[in-house]
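J.: In our numbering, the protein residues as written are 3 to 79. All residues carry an ideal CB built from backbone N, CA and C; glycine is no exception.
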Amino acid sequence: MKTSQYQEFQYRVHAVERDNARWDAFYEIHRPTQRGMEKVGAYQVQSAYGFATQGNALDDAERNARADIEQGIVYYQ
3 MKTSQYQEFQ
13 YRVHAVERDN
23 ARWDAFYEIH
33 RPTQRGMEKV
43 GAYQVQSAYG
53 FATQGNALDD
63 AERNARADIE
73 QGIVYYQ
């Protein structure tokens, strides 16, 4: 699991290998509060067949997390 900072948010990305040697990607977003970081949500990146490599899965999860933060989605949940 990799944790990164983007704007005032933190996000974590990770990948899990399927039985068929493909990868699923996941990410969590955390926002700052008075008491520290609060988890906004955990998400799976949509992929019909999974990702070919762990690196591809992690890259896509990171793109999705940053896009959610940029679009303000994390403020409305």
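Could you spell out the range, first to last residue, of the alpha helix (DSSP H) harbouring Q56?
T.: Here the alpha helix (DSSP H) through Q56 covers 56 to 72.
J.: Let me know the secondary structure DSSP gives Q79 once reduced to three states.
T.: Its pLDDT being 49, under 50, Q79 is placed unreliably in this model, and the value from its coordinates should be taken loosely. Coil, per DSSP.
J.: Go through its chain and collect everything with a Cβ distance to Q9's Cβ below 7 angstroms, but skip five positions before and after it.
T.: Cβ neighbours of Q9 beyond the five flanking positions: I71.
J.: Distance check for R37 and Y45, CA to CA, integer angstroms please.
T.: For Y45 and R37, the distance between alpha carbons rounds to 23 angstroms.
J.: May I have the straight-line CA-CA distance separating N66 from V47, to the nearest angstrom?
T.: Spanning the two alpha carbons is a distance of roughly 7 angstroms.
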